[in-house]
Amino acid sequence: MRDFGVGFGHLVQGQKWVAQHGRRFGFGLLPGLVALVLYVAALGLLAFNATELVAWATPVADDWSDLWRDIFRNAMTALLVGFGVFLAVVTFTAVTLLIGQPFYETLSEDVDRSQGGEVPESGLPLWRELLISARDSLRVLLRVAFYAVLLFACGFIPVVGQTVVPALGFCVSGFFLTEELTAVALQRRGVELKERLALLRGRRGAALGFGVPLALVFVVPFVAVFLMPGAVAGATLMARDLRGETGDGTGEENDQEHGNLSSPGGDQGVHHIPHGGSHP
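Counting in the UniProt record's numbering, the sequence shown runs from 1 upward without gaps.
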């Protein structure tokens, strides 16, 4: 439970950081707003057509009595929409991070800078970083899809499907949300997906403490948009914790004194790290 609290603490500190840096918060909202429009449209389309989709996919229930047919199909409709929401929660972060790669990279660098010491950077061109991010996101989503199918099937188990399965679903969502968010900072440090997952498994409590609250609130689209900049900032603090990095605590004071908080695309005080991982 202590590590769970540590992860939650990083999330809270990230929100505080962007609250103190309004310009970064404003930039960080833009990608989330674009992603929100896309997801609201997709989920609205799914919800509008869910009943017809379930009826088409379950012809076996056509000959049942009205009562049992309605109970069965209503339950299936709820599961289908719930499955869509689950996927939306998991993929929202990946899509938003891809849309907002330049914004979030700069935000993450500024968080590193505020903690003191050098600011790692991959040294890769933007197109290459986008390809690596897309590749890693696809690998993560394949893992998520496996758990999603498993949990979807378990959803038919009486009682367990309506109690334990949703809780497990939020835990799975939270863990992989943490991976996606910490990837912004860890990729700049040349940490590959396999090592990132190993780091998070070694601190599973912290990963869940950071990600599960986000998974819960990200169900509300507008909340997700407003929390995303702080989530990226908090994930940078989480990444530093996972790597055992410490700062002298004077970086932010010096940056504010000398005006060194970077603008998008800036590289003041950046330490370039060669990317030693595989090519996309």
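All C-beta atoms in this analysis are idealised placements derived from N, C-alpha and C, irrespective of residue type, glycine included. Predicted, not measured: the structure shown is a model, and the values here were computed from it.
Legend entry - Whole-number beta carbon distance between A235 and V184, since they are thought to touch under 8 Å: 6 Å
Inset, instruction - Classify P120 as helix, strand or coil using the three-state DSSP reduction. - result: strand
Inset, instruction - List the endpoints of the continuous alpha helix (DSSP H) containing P102. - result: Q101 to S114
Legend entry - CA-to-CA distance, I71 to Q101, given in whole angstroms: 45 Å
Legend entry - Cβ-Cβ distance between G7 and G155 below 8 Å: no
Legend entry - Ordered list of alpha helix (DSSP H) runs contained in the stretch 197-235, each at least 4 residues: 204-217
Legend entry - Local conformation of P166 per DSSP, three classes: helix
Inset, instruction - To the nearest angstrom, report how far apart I132 and L124 are at their CA atoms. - result: 10 Å
Inset, instruction - Could you tell me the distance, in whole angstroms, from the CA atom of A42 to the CA atom of E192? - result: 31 Å
Inset, instruction - For S65, collect the residues of the same chain with a Cβ closer than 8 Å to its Cβ; drop the 5 residues on either side in sequence, then sort them by chain order. - result: none
Legend entry - E195 versus R201: straight-line alpha-carbon distance, rounded: 10 Å
Legend entry - Closest by C-alpha distance to L107, when choosing among P229, R240 and R243: P229
Inset, instruction - Taking 8 Å as the cut-off, decide whether the C-beta atoms of V225 and L29 are in contact. - result: yes
Inset, instruction - Indicate whether G211 and F152 have their beta-carbon atoms separated by less than 8 Å. - result: no
Legend entry - Proximal residues to F222 (C-beta, below 8 Å), its chain only, five neighbours per side dropped: L36
Legend entry - Candidates L197, F218, F27 and R143: closest to L242 by CA position: L197
Inset, instruction - Below 6 Å CB to CB, which residues in the same chain sit around R69 once its five sequence neighbours on both sides are set aside? - result: A61
Inset, instruction - Kindly indicate which three-state DSSP category E180 falls into: helix, strand or coil? - result: helix
Inset, instruction - Could you have a look at R143 and say whether DSSP puts it in helix, strand or coil? - result: helix
Inset, instruction - Work out the CA separation of G14 and F25 for me, nearest whole Å. - result: 11 Å
Inset, instruction - Compute the distance between the beta-carbons of V81 and L45, then report whether it is under 8 Å. - result: no
Inset, instruction - Figure out for me which residue from A148, A233, V160 and P120 has the closest Cα to the Cα of T178. - result: A233
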